Amino acid sequence: MKLTFLGAAETVTGSMYLLESGDSKILIDCGMFQGLKELRLKNWEPFNLDIDSIDGVILTHAHVDHSGRLPLLVKQGYSRKIYSTAPSFSLAEILLKDSAMLQMEDAKDANERNYSKHHPAKPLYDIEDVQKTIQLFSPVKFHEKFKVGKFEITFYRAGHILGASQVHITSNSKSIFFSGDLGRPNDPLMLMPEAPIESDVIVMESTYGAHLHSAEDPVEKLADLIRELKKKQAVMMIPSFAVARAQLIIYTLYQVFEKYPDLKIPVYLNSPMATQVTQLYVKFLKEHKLSKDQTVEIFSLPHYIEYVKQSVKLNETEGPMIVIAGSGMITGGRILHHLWAWGKDSDNIILLVGYQAEGTRGYDLARDQRVLKMHGGTIEIETKIEKMEMFSAHADQAELLEWLKKLKNPKKVMLVHGEKESLDILRSKIQSDCQFPVEIALPNQVIKW
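Okay, so the sequence shown: first residue is 20 according to our numbering, each after it adds one.
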């Protein structure tokens, strides 16, 4: 076997790996680079492979940093199958359409305002490319072995988000296991990640390889913040990812109001994409911990905001209230006009509940850098900034090590999907705690076994 690291090497985004055995070739993930401009520019670089020679694409899960360049691959000629679990297929359809719409809107805006270096500005891909991509999906069940060329492939649960998978691949008595993005063993909604399968090579994510999540009770933390909101008649804005995070926040708020009924205040979910994703929790009941009745009751909590007109009107509504809106890193979406409307009031709160990549507004706010560029100008944010890291959908350092220790003797562990500090610290911990051969994957590195 031969593996080439085409993305998510020494960075978190852009997951993509080329696996070869004899004349068979498959791609594992085809994700978009996000964050700093130097990373985003990589999305425009030609694929470092012969697209016609690819026998199939394996998608670990639907997040755009794993799926976001699939339509570009199709646009450039890929026409064979894309294999994923059924929930990943449903999620990918939502996320990829949204990705295309955002790019088309950005290109249109750049052309109207004439601020692009490229004339005319073009999207990476459009809705038509996404429709062609969706037609190539071939859903596969967890634990169901399937063949692509000379490879035998099996999906195992990764937790993390609906449909997220770890992938075991064998060919000619050689084997490799991809962790995908690992969820948390004690996630309130998602099923826990399954144990890894003994393999020659382990490709392991490292997002929180240098970090331990807070053990603070999210119910009590949110309750304290809501008490403050009620006292000041204020607004709490929660920039949130549409997938998994928005649903976990709604679930936790439901718990708060069950425990402290006097704290109940209006909650608005102002994210059409998050609304679509929430509906999938009813469709895929076996993919999470809630019963059908619990799912329906809990997700009836928020007021769902669909139209832009409603979203704008929300800015005129007085607190106390909670508004959950995209995007999670404040790179776009409806959270921007809420920040513009409410960001100057020091009584209001911005609650950051997810990973904030460098180069995003969320990253700046997390570091108390309060002057943000948006809407063609700048705004100084004067609201209180709070963080709740216990909402993460990624395993932390201790949970990653616990997962890895279930293996006996891999020949090599390759670390991906992490920033430099996370990679370095996790490598040291694996060396000291597991004594497994481990290295940090480099961009375009090739390994053979």
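The beta-carbon is built from N, C-alpha and C at its ideal position, and this holds for glycine as well. All of these numbers come straight from a predicted model, not from anything done at the bench.
(request) Output yes or no for whether 7 angstroms exceeds the beta carbon distance between GLU306 and LEU181. (result) Numbered from 1 along the sequence shown, position 287 holds the residue referred to as residue 306. Numbered from 1 along the sequence shown, position 162 holds the residue referred to as residue 181. Contact: yes.
(request) Take ALA111 as the anchor and find which of GLY75, ASN133, ARG132, THR79 has the nearest alpha-carbon. (result) Indexing the sequence shown from 1 puts residue 111 at position 92. Comparing Cα positions, the closest option is THR79.
(request) From the DSSP output, in three-state form, read off GLY381 for me. (result) Taking the sequence shown and counting its residues from 1, the one referred to as residue 381 is at position 362. The answer is helix: DSSP assigns GLY381 an H, G or I state.
(message) How far does the alpha helix (DSSP H) with TYR273 in it extend, from its first residue to its last?
(response) Looking up residue 273 in the sequence shown gives position 254. Here the alpha helix (DSSP H) through TYR273 covers 264-278.
(message) Buried or exposed, going by whether 16 or more other CB atoms sit within 10 Å of the CB of PRO429?
(response) As a position in the sequence shown, residue 429 is number 410, starting the count at 1. Looking at its Cβ environment, which holds 16 or more other Cβ atoms inside 10 Å, PRO429 is buried.
(message) Helix, strand or coil, according to DSSP, for VAL76 in the structure here?
(response) Position 57 of the sequence shown, counted from the first residue, corresponds to residue 76. In this structure, VAL76 counts as strand in the three-state DSSP scheme.
(message) For LYS166 and PRO456, I'd like the C-alpha separation in whole angstroms.
(response) On the sequence shown, residue 166 is found 147 positions in, with the first residue counted as 1. On the sequence shown, residue 456 is found 437 positions in, with the first residue counted as 1. If I take the Cα positions, the gap works out to 29 angstroms.
(message) Our contact map puts SER290 next to ALA261 with C-beta atoms below 8 angstroms; I'd like the distance itself, whole angstroms only.
(response) Here residue 290 is taken as the residue at index 271 of the sequence shown, counted from 1. Here residue 261 is taken as the residue at index 242 of the sequence shown, counted from 1. Between ALA261 and SER290 the Cβ distance is about 5 angstroms, and since that is below 8 angstroms, they are a contact.
(request) Check whether the Cβ of LEU55 sits closer than 6 angstroms to any heavy atom of the ligand SAM, and report yes or no. (result) The model on display carries no ligand, and the ligand SAM is accordingly not part of it.
(request) Could you check which residue in ASP145, LEU391, GLY87, GLN375 has the C-alpha nearest to that of HIS356? (result) Taking the first residue of the sequence shown as position 1, residue 356 is located at position 337. Considering only alpha carbons, the answer is LEU391.
(message) Please report the straight-line C-alpha distance between GLU147 and MET292, rounded to a whole angstrom.
(response) Within the sequence shown, the letter at position 128 stands for residue 147. Within the sequence shown, the letter at position 273 stands for residue 292. Each residue's Cα considered, the two are about 19 angstroms apart.
(message) Relative to the C-alpha of MET407, which candidate in ASN334, LEU267, LEU333 has its C-alpha closest?
(response) Residue 407 sits at position 388 when you count from the first residue of the sequence shown. Closest option to MET407, Cα to Cα, is LEU267.
(request) Please work out which residues of its chain come closer than 7 angstroms, Cβ to Cβ, to THR271, disregarding the five sequence neighbours upstream and downstream, and give them in chain order. (result) Stepping through the sequence shown from its first residue, residue 271 is reached at position 252. PRO237, VAL238, LEU241.
(message) Taking the beta strand (DSSP E) that PRO106 belongs to, which residues open and close that run?
(response) Position 87 of the sequence shown, counting from 1, holds the residue named residue 106. Per DSSP, PRO106 belongs to no beta strand (DSSP E); it is in the alpha helix (DSSP H), 105-132.
(request) For GLN185, write down the residues that DSSP places opposite it in a beta bridge. (result) Here residue 185 refers to the residue found at position 166 when the sequence shown is read from its first residue. In the DSSP output, where bridge partners are listed per residue, GLN185 has TYR175.
(message) Let's see if you can read the secondary structure: which residues bound the alpha helix (DSSP H) around MET292?
(response) One-based indexing of the sequence shown puts residue 292 at position 273. MET292 -> alpha helix (DSSP H) spans 291-302.
(message) For GLU421 and ASP206, I'd like the C-alpha separation in whole angstroms.
(response) In the sequence shown, residue 421 corresponds to position 402, counting from 1. In the sequence shown, residue 206 corresponds to position 187, counting from 1. So the alpha carbons of these two residues sit roughly 15 angstroms apart.
(request) Compare the Cα-Cα distances from SER365 to each of LEU22, ILE400, GLU316 and report the closest residue. (result) Here residue 365 corresponds to residue number 346 of the sequence shown, with the count starting at 1. For SER365, the nearest C-alpha among the options comes from ILE400.
(request) Report the option in GLU213, CYS49, LEU371, LEU358 whose CA atom is closest to the CA atom of GLY396. (result) Residue mapping note: residue 396 aligns to position 377 of the sequence shown, counting from 1. The shortest C-alpha separation from GLY396 is found at LEU358.
(request) Return the residue from the list ILE45, GLU39, LYS61, GLY41 that minimises the CA-CA distance to THR30. (result) Mapped onto the sequence shown, residue 30 falls at position 11. Among ILE45, GLU39, LYS61, GLY41, the Cα nearest to that of THR30 is on LYS61.
(request) Please list the segments of the beta strand (DSSP E) lying wholly inside the segment 22-107, counting only runs of 3 or more residues, in order along the chain. (result) 35-40, 43-47, 75-77, 101-103
(request) With a 10 Å radius around its C-beta and 16 neighbouring C-beta atoms as the bar for buried, classify GLU235 as buried or exposed. (result) Your numbering for residue 235 matches position 216 in the sequence shown. The residue is exposed, with fewer than 16 neighbouring Cβ atoms inside 10 Å.
(request) Within the same chain, show all residues whose beta-carbon is closer than 8 angstroms to that of ILE50, passing over the 5 residues directly before and after it, in chain order. (result) The residue given as residue 50 occupies position 31 in the sequence shown. Reading off the sequence, residue 50 comes out as Gly, not Ile. The residues are GLY26, ALA27, THR32, GLY33, SER34, MET35, HIS82, VAL83, ASP84, HIS85, SER86, GLY87, ARG88.
(message) If you measure between the beta carbons of VAL149 and ALA119, is that distance less than 7 angstroms?
(response) Taking the first residue of the sequence shown as position 1, residue 149 is located at position 130. Taking the first residue of the sequence shown as position 1, residue 119 is located at position 100. Yes, they are a contact pair.
(request) Could you check if GLN375 is buried or exposed, using at least 16 other CB atoms within 10 Å of its CB as the buried criterion? (result) Within the sequence shown, residue 375 is the residue found at index 356, counting from 1. Buried, because 16 or more other Cβ atoms sit within 10 Å of the Cβ of GLN375.
(request) Look up MET256 in the DSSP assignment and say whether it is helix, strand or coil. (result) Along the sequence shown, one-based indexing puts residue 256 at 237. Strand at MET256.
(request) Return helix, strand or coil for ALA11, following the three-state DSSP convention. (result) Since the first residue of the chain shown is 20 and the last is 468, residue 11 is not available in this structure.
(request) Spatial neighbours of SER103 within its chain, please: CB distance less than 6 angstroms, with the 5 preceding and 5 following residues excluded, ordered by chain position. (result) For the purposes of this step, residue 103 is taken as residue 84 along the sequence shown, with counting starting at 1. So the list reads LEU78, once near-sequence residues are dropped.
(request) Classify ASN133 as buried or exposed, calling it buried when 16 or more other Cβ atoms lie within 10 Å of its own Cβ. (result) Start at 1 with the first residue of the sequence shown, and residue 133 comes out as number 114. Per the 10 Å Cβ criterion, exposed.
(request) Pull up the CB-CB distance for ILE341 and ILE459, whole angstroms please, since I reckon it's below 8 angstroms. (result) Along the sequence shown, read from residue 1 onward, the residue named residue 341 stands at position 322. Along the sequence shown, read from residue 1 onward, the residue named residue 459 stands at position 440. Not confirmed; about 40 angstroms, so no contact.
(request) Under 8 angstroms by Cβ, that's how I've got MET223 and SER192 pegged, so tell me the actual separation to the nearest angstrom. (result) If you number the sequence shown from 1, residue 223 lands on position 204. If you number the sequence shown from 1, residue 192 lands on position 173. Their Cβ separation, rounded to whole angstroms, is 22 angstroms, which puts MET223 and SER192 out of contact at 8 angstroms.
(request) Compute the distance between the beta-carbons of ILE444 and GLY228, then report whether it is under 7 angstroms. (result) Reading the sequence shown from its first residue, position 425 is the one you call residue 444. Reading the sequence shown from its first residue, position 209 is the one you call residue 228. Cβ distance < 7 angstroms, so ILE444 and GLY228 count as in contact.
(message) Considering Cα atoms alone, identify which of LEU309, ASN334, ILE369 is closest to SER259.
(response) In the sequence shown, counting from the first residue as 1, residue 259 sits at position 240. The residue with the shortest Cα to Cα distance from SER259 is ILE369.
(message) Between PRO321 and VAL286, how many whole angstroms is the CB-CB distance? I'm expecting something under 8 angstroms.
(response) Here residue 321 refers to the residue found at position 302 of the sequence shown. Here residue 286 refers to the residue found at position 267 of the sequence shown. PRO321 to VAL286, Cβ: 4 angstroms. Contact.
(request) Just the C-alpha distance for PHE318 and ILE269, rounded to the nearest angstrom, thanks. (result) Locating residue 318 in the sequence shown gives position 299, where the first residue counts as 1. Locating residue 269 in the sequence shown gives position 250, where the first residue counts as 1. Their Cα atoms are separated by approximately 7 angstroms.
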